[in-house]
Each structure stands twice: as C-alpha cells, then as structure tokens.
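Line order of the protein sequences matches chains U, F and G.
Note that the working numbering has the first sequence beginning at 1, numbered continuously upward.
Note that the working numbering has the second sequence beginning at 1001, numbered continuously upward.
Note that the working numbering has the third sequence beginning at 2001, numbered continuously upward.
From the three backbone atoms N, C-alpha and C, an ideal C-beta is built for every residue, glycine too.
On a predicted model such as this, the values are computed, not experimentally measured, just so you know.
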Amino acid sequence: MLHNRALSCFVVYGALLIVKMYVVAIITGQVRLRKKAFANPEDAVRHGGLQYQREDEDVERCRRAHRNDMENILPFLFLGAVYCMLEPSLMAAHAHFLVFFLGRLLHTVAYLGKLRAPIRSVAYSIAQLPCFSMAVQILVAALSS
Amino acid sequence: MLHNRALSCFVVYGALLIVKMYVVAIITGQVRLRKKAFANPEDAVRHGGLQYQREDEDVERCRRAHRNDMENILPFLFLGAVYCMLEPSLMAAHAHFLVFFLGRLLHTVAYLGKLRAPIRSVAYSIAQLPCFSMAVQILVAALSS
Amino acid sequence: MLHNRALSCFVVYGALLIVKMYVVAIITGQVRLRKKAFANPEDAVRHGGLQYQREDEDVERCRRAHRNDMENILPFLFLGAVYCMLEPSLMAAHAHFLVFFLGRLLHTVAYLGKLRAPIRSVAYSIAQLPCFSMAVQILVAALSS
Chain U
1 MLHNRALSCF VVYGALLIVK MYVVAIITGQ VRLRKKAFAN PEDAVRHGGL QYQREDEDVE
61 RCRRAHRNDM ENILPFLFLG AVYCMLEPSL MAAHAHFLVF FLGRLLHTVA YLGKLRAPIR
121 SVAYSIAQLP CFSMAVQILV AALSS
Chain F
1001 MLHNRALSCF VVYGALLIVK MYVVAIITGQ VRLRKKAFAN PEDAVRHGGL QYQREDEDVE
1061 RCRRAHRNDM ENILPFLFLG AVYCMLEPSL MAAHAHFLVF FLGRLLHTVA YLGKLRAPIR
1121 SVAYSIAQLP CFSMAVQILV AALSS
Chain G
2001 MLHNRALSCF VVYGALLIVK MYVVAIITGQ VRLRKKAFAN PEDAVRHGGL QYQREDEDVE
2061 RCRRAHRNDM ENILPFLFLG AVYCMLEPSL MAAHAHFLVF FLGRLLHTVA YLGKLRAPIR
2121 SVAYSIAQLP CFSMAVQILV AALSS
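Shown next as structure tokens:
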C-alpha cells in the first residue's frame, strides 16, 4: 500500500472521516442520555421509564448529520480508492481528499452547531466537487482503456 | 486496474451508480425547495420562515429511495470489488454488474415516478440476484482456498 | 487475493455481514406484510388499501437495526480492507474480524429480539473496539511511512 503515495494519503483521510462519523454516533448517544429521549422502549425503561421513548429535536439533528455522512462519505471511500488506482499525482490527489475532508468537517460542525444557513449547504456542495471530479476521471479512464 | 477487465467494467458501473445516488440527493434538495419543506429550522428561516420546517410526502419518498440505495448499492461496491479479485470471465462479470445496474435504475425510476406496485419491489429483487450470486461465489472461493 | 490470508479471512466475514444485512431487509419486508404497514401508498393499495400506509413499531425497529448496520458494517468494510494491506498476522486479523462479527450478530439478535438493555448497546460497543483498533493502526502505518 505504502508504495502508492496517493493511496497512503487517501487511507489517512478515509480513516479520519470514519472516526469523525463514529464521533457523531457517540454524540448522538450522549444527547439521547442528556435529553432522555430514546428510540427503543427497552432503553427508555432502563433510563427511567417508557415516557422517555420519544423523539427529540437535538437527537434528530445528530441523526440527520450522521445520515448525510453515510450518503456522502461512504461513496467517497469507493471513489477515492479507485481514483488512486489511476495513479494521479500526489498533489492532485491530496487536493481532492483535503477539500472533501475539510468540507465534510465543516458540514458536521455547521450541522451540530446549528450554524446559520447556507453554511452547511455550502460545505456539502464544496465536498461534492472532488467527488464529481473523481467520478468523471474514473469513467474517462475506464471507458477509454 | 485497467489490466483486470472485469474490475475496469465494475468501476464504471460503480461510479455510475454513485452518480445516480448523487442525482437522487440533488432531486431531494429541489423537491424541498419547491415544496418548501425543510428538515432544519435554519433552512426554513432562510426560505421564508419556521413554518416551512415540516415533512412532505414527496421529500420523504426521495429520502426512502436514497436510503434504499445506500442499503443496496454500497454493499454492491464491496461485493463487486472482491468478486473481481476472483478473476471471473468478463462476460459473467458484466452480466452481474449490468443486471444490478438496470435493476437499481428501474428501482429509482419506479420510486420517484410512483409507478404502481410491484414494479419497484420486482426491480429491487432482480438487483439482489447478482449480489447473492457474488456473495456465494466469494464465500465458496475464500472458504475452499 | 487468496495469497493474503488475512484478506481472505476478511472477505468471508465481510460477505457474511452483508448477507446478514440482507436478511434484516427481508425480515423488514415480512414484518411490513404481516403487520400491514407500508411506507408507500402504492404498496398499501396493493395490499388492501390506503389505510395500510402507516408506521408500525416493529417495522421501525427493523429499520433502526438496519440503519445501525449501515452506520457500522459499511465503515468496517473499508477499515478491514485497508488493515489487511498492512500485512497483520493472520491471528491478530482474525481476532479483529471475529469480535466485530460476533458483536454485530449479537447486536441484530438483541435489536430484533427486543432483548433487555443494555445487551444491544454492549454488543455495539464491543464491535466498535476492533474498528477503533484498525483505524489507529491504519493511521499510524500511513503517517509513519
């Protein structure tokens, strides 16, 4: 792996983004405990009673952030891996991964921090740019081979 | 990559399916704007007021289509990549990927177009066939090695 | 593939976990039919009438189990593949994959079987341990190369 420097760079960002998703999951659990808002009756009973099986706006916000991560970070893990097989220059590859990483990091901060619109949407859009770029490069390389 | 022709074929379908998922996300955003139905208060405020933080049946339909894509297309990206490492014939591999691709394309069209049941369910089931086939071939190859 | 024994071991667990996710999807569909609770009007109409477009607690439970699988099993597929490229010992690799596999299997059983808290949460936490371990090993290897 470590002989392909773009791939080595990619797996760092991929692993960091997965850890970022795990952090959102942990935050969701903490908000559930703090707000006493559980999805399952067995969890509610354990934490005080069935009345705590309920929805909470802050919990739902965390879940929306997590779902948006799945919609975008998981496809990036595929596109980035295939893109590295095209042997891009390290600088071009690093730029793609860094823009995606920073865009997704800002997306999470804007979502959980309730930053004013359209910061979150702009972060989402910026992060999509390297994804579209990689998808196009993959299709061009594979279809022209 | 491009020396393994099954893999080259796979990444084309994988990238196309990811782009298809991105299109569903873009449609979701357009429906949110057109129906003025936002998940977050900050988005609703930006587009006219807190009364537009609300659910909409068409938005939920887009979100169900997207979620079903995640449930099925993302595992395909794993199964297809591993399956290519088994060095299948290009024709067999192409048949697997094409059936999945067309099944998922029809699934999206049936979902967003509100086609009558059971078109969407049949499309889902057809797309699952190559996935089960690849999973079985992977398990047989790995366990018999 | 089959020359890297850790990778061969990984793809077996990866494929089994994907099949496990497919089984949750099939169970969800069966519960929808048995409880007559459909997400889409076209499905409800086909099965007796629009009054069956409704939420059901057992269906939602299946969907939560499936979503949690996506949040955790799909990132594992990335981490495990990259971890195998680090050429871990077969025993260490097998231990990582087996703990994750058993943790996720127990998670599904606890979720669908409505086992008392905190069995499901403990299963989730146990399964996260090898994921964090692999993420750290990937970051250390990639950043020190």
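Neighbourhood of residue i by C-beta, 7 Å cutoff - its chain only, sequence neighbours within 5 removed
| i | result |
| --- | --- |
| U/Arg120 | His107, Ala110, Tyr111 |
| U/Thr28 | Val59, Cys62, Arg63, His66 |
| U/Lys35 | Asp56, Asp58, Val59 |
| G/Asn2004 | Cys2084 |
| F/Leu1129 | Val1099 |
9 Å Cβ cutoff met for residue i and residue j
| i | j | result |
| --- | --- | --- |
| G/Met2021 | G/Asp2069 | yes |
| G/Ala2015 | F/Ala1135 | yes |
| F/Cys1131 | F/Leu1079 | yes |
| U/Cys62 | U/Val24 | yes |
| U/His96 | U/Ser133 | yes |
| G/Ala2006 | G/Ser2089 | yes |
| U/Val82 | F/Val1082 | no |
| F/Leu1017 | F/Phe1076 | yes |
| F/Asp1056 | F/Ala1037 | yes |
| U/Asn72 | U/Tyr13 | no |
| U/Arg116 | F/Glu1042 | yes |
| U/Pro118 | F/Arg1046 | yes |
| F/Leu1074 | U/Leu98 | no |
Cβ neighbours of residue i in the same chain (closer than 6 Å, five flanking residues each side left out)
| i | result |
| --- | --- |
| G/Ala2127 | Phe2100, Gly2103, Arg2104 |
Cutoff 9 Å: residue i Cβ touching any chain F Cβ
| i | result |
| --- | --- |
| U/Arg54 | no |
| G/Asn2072 | no |
| U/Ile27 | no |
| U/Leu143 | yes |
| U/Arg100 | One point to set straight first is that residue 100 of chain U is Phe, not Arg, in the sequence displayed. Cβ-Cβ to chain F under 9 Å: no for U/Phe100. |
| G/Ala2095 | no |
| U/Pro88 | no |
| G/Gly2049 | no |
| U/Val82 | yes |
C-beta neighbour in chain U for residue i, strict 9 Å
| i | result |
| --- | --- |
| F/Ile1018 | yes |
| F/Val1011 | yes |
| G/Ala2039 | no |
| F/Arg1034 | no |
| F/Ser1008 | yes |
| G/Leu2139 | yes |
| F/Arg1067 | yes |
| G/Arg2104 | no |
| G/Val2024 | no |
| F/Glu1060 | no |
Beta-carbon proximity list for residue i, same chain, < 8 Å, skipping 5 on both sides
| i | result |
| --- | --- |
| G/Asn2040 | Gln2053 |
| U/Gln51 | Ala44 |
| G/Gln2137 | Tyr2083, Leu2086, Pro2088 |
| G/His2094 | Ala2006, Cys2009 |
| U/Gly48 | Lys36 |
| G/Lys2114 | Arg2061 |
beta-carbon residue i near the ligand MN non-hydrogen atom, thresh 8 Å
| i | result |
| --- | --- |
| U/Ala6 | Absence of the ligand MN from the depicted structure is noted, as is the absence of any ligand whatsoever, leaving it without description. |
DSSP bridge partner residues for residue i (one or two, in chain order)
| i | result |
| --- | --- |
| G/Gln2053 | G/Phe2038 |
Chain G contact for residue i (CB, 9 Å cutoff)
| i | result |
| --- | --- |
| F/Arg1005 | no |
| F/Pro1130 | no |
| U/Arg46 | yes |
| U/Met21 | yes |
| F/Leu1115 | yes |
| F/Ser1133 | no |
| F/Leu1079 | yes |
| U/Ala92 | no |
| U/Ala127 | no |
| U/Ala15 | yes |
| U/Glu57 | no |
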